[in-house]
Every structure is written in structure tokens, then in C-alpha cells.
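Student: Residue numbers (our numbering): 1410 to 1539. Beta carbons: idealized from backbone N, C-alpha and C, even for Gly. One structure, pasted below without further comment.
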Amino acid sequence: MEVFFARCHCGRVQGRFICNATHLTALVCNCSDCYMRKNVHIVVPISAFQISMEESLEDATILYEWGTKAAARRFCKVCGIMPWYKPRSNPDGVAITIYCVDWTKNGTSQPPKIDVMNFDGANWEQSMEK
């Protein structure tokens, strides 16, 4: 298990997470939100994630929820980037945008191997039944 860091563009919103980086699977979701942002993310358990910033998440971000409000997305108030969010498909996890992770900060020179898998978030209920 290794520690990695995720942050928004300006660095105001920061977190860290632990994962087994020998092999990661990232999801490309086609729900309306992910599709518009071209989001590619990995999901880690809430217990493996920690916010690591001086100010509160509520002060540094803007919350966006819609529909069932099962997903919680927080965007940096300064740069507008969302490095992670609570996904509807995995409420006990944290979805981390892979492009917001500094894969080399833990001392490695290369990012881990990341396989990319499509997830049909546009038909969320049917996809979760599979």
C-alpha cells in the first residue's frame, strides 16, 4: 500500500489516500456530469482517504448536488477543479480524479499501471445490477 496525494489546480483543496498501486482500475463514466467533465476516476474506501488541508472543506469548496443527492461534488472556490467526490455508485467510497493525483510525490518516478474501464452511468441502475 502506498500514499498518494490529490489536489485541485491551485492547491487549495488537498487530500491523500492509500491504495495498492501495483494495479489500478479507473472508470470512465458516461453519466451527464462525468461525460461533460470527461472524468476518469478510481474509487478508494472512505477509510483510505483523508483531507489534508488547513481550512475546512466547506470553506474551500462549493457543494453541487442534484437529482437523488446521493452523490456529493465539491469544487474549489478558486480554480473550480474537483479532485475527488462522493459517488452515487459507491457511497462508502471516494472517487478520485486520476488527473488530480501527483503519482510521483511518494518517491516513485512513474505513475502506476492504470487500466481504464467504461461504466454506463447514464443507465446507472441497470449497470449496478450487472
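Where does Asn1532 sit, in a helix, a strand or coil, going by DSSP?
Tutor: helix
Student: Could you tell me the distance, in whole angstroms, from the CA atom of Glu1411 to the CA atom of Ile1523?
Tutor: 15 Å
Student: Considering only the beta carbon of each residue, do Pro1492 and Val1422 sit closer than 8 Å?
Tutor: yes
Student: From the DSSP output, in three-state form, read off Arg1483 for me.
Tutor: strand
Student: Using 10 angstroms around the beta-carbon of Ile1471, count the other beta-carbons present and answer buried if the total reaches 16, otherwise exposed.
Tutor: exposed
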